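J.: Each residue of the sequence shown is one higher than the last, beginning at 1462 in the numbering used here.
Just so it is clear, CB atoms sit at the ideal spot from N, CA and C, and this is done for glycine as well.
Please read these numbers as outputs of a predicted model, since none were measured by experiment.
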Amino acid sequence: EQKSTLETRVEGTCQWILSDPLYSNWNVQKKTSLLWISGYAGSGKTILSAYLLEYLSAGESSPMLCRNNKSPYYFFCDETIETRRDGTAILRGLIHQLVKRRRQVIKYLKAAYDLQGPNFYQNFNELWRIFIAIASDKRVGPINVIVDAIDECEESTRSRLLQSILKLVDKSQSAT
């Protein structure tokens, strides 16, 4: 659904990212890492994110994806759509994709439901815990995530999500 609403790019554009040193370094990482793309409004970040999603989905030049034959998980934020403008929505969308591709990890959702009831999906901390549990499950393997337009999310859950991501990356990078 999200992919179908994206603008199409002009052929030949966006390919510069593949030779950018920041992308190249991120693409070969074996640990959790972060590729942060920023720019002015209207500078093409969403088109670039869609290109990376398309490129990585093909698995041509990403060692991690080729080994596991998996497309990235993605979420395109949109401040005009209520269900796509906060950190909990991002986590719900990513978890939904993870469960859809790997049905056996639904056990993490069932456990949360059994413990907290039907409203667990509104709890940012519980969704983050579920996301980490699923992403850490050996049956899932390494994952790549693309989140676009995070600046369009409401501030409090955006901040919580960014802090959680940075802690995850720091923890991974400092682990030996």
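Between which residues of its own chain and ARG1545 is the CB-CB distance below 6 Å, once the five residues before and five after are set aside?
T.: What you label residue 1545 is simply residue 84 of the sequence shown in a count that begins at 1. Cβ neighbours of ARG1545 beyond the five flanking positions: CYS1538, ASP1539.
J.: Identify the continuous beta strand (DSSP E) that holds ILE1607 and give its terminal residues.
T.: For this step, residue 1607 is matched to residue 146 along the sequence shown. 1606 to 1609 is the extent of the beta strand (DSSP E) around ILE1607.
J.: Can you find the residues in the same chain that come closer than 7 Å, C-beta to C-beta, to LEU1496, ignoring five residues on each side of it along the sequence?
T.: Locating residue 1496 in the sequence shown gives position 35, where the first residue counts as 1. Taken in chain order, the residues that qualify are LEU1483, TYR1484, TRP1487.
J.: Along the chain, where does the beta strand (DSSP E) containing TYR1535 start, and where does it finish?
T.: Position 74 of the sequence shown, counting from 1, holds the residue named residue 1535. That run of the beta strand (DSSP E) goes 1534 to 1537.
J.: Do you know how far the Cα of PRO1579 is from the Cα of SER1510?
T.: Mapped onto the sequence shown, residue 1510 falls at position 49. Mapped onto the sequence shown, residue 1579 falls at position 118. For SER1510 and PRO1579, the distance between alpha carbons rounds to 33 Å.
J.: Taking ALA1596 and ILE1604 to be in contact with their CB atoms under 8 Å, please state how far apart those CB atoms are, rounded to whole angstroms.
T.: For the purposes of this step, residue 1596 is taken as the residue at position 135 of the sequence shown. For the purposes of this step, residue 1604 is taken as the residue at position 143 of the sequence shown. At roughly 6 Å, the Cβ-Cβ gap stays under 8 Å, so ALA1596 and ILE1604 are in contact.
J.: Would you mind working out which of TYR1535, SER1617, SER1504, TYR1582 sits nearest ARG1562, comparing C-alpha positions?
T.: Taking the sequence shown and counting its residues from 1, the one referred to as residue 1562 is at position 101. That would be TYR1535, whose Cα lies nearest to the Cα of ARG1562.
J.: Check TRP1497 in the structure and name its three-state DSSP category.
T.: Translated into positions along the sequence shown, residue 1497 becomes position 36. If DSSP states are grouped into helix, strand and coil, TRP1497 belongs with coil.
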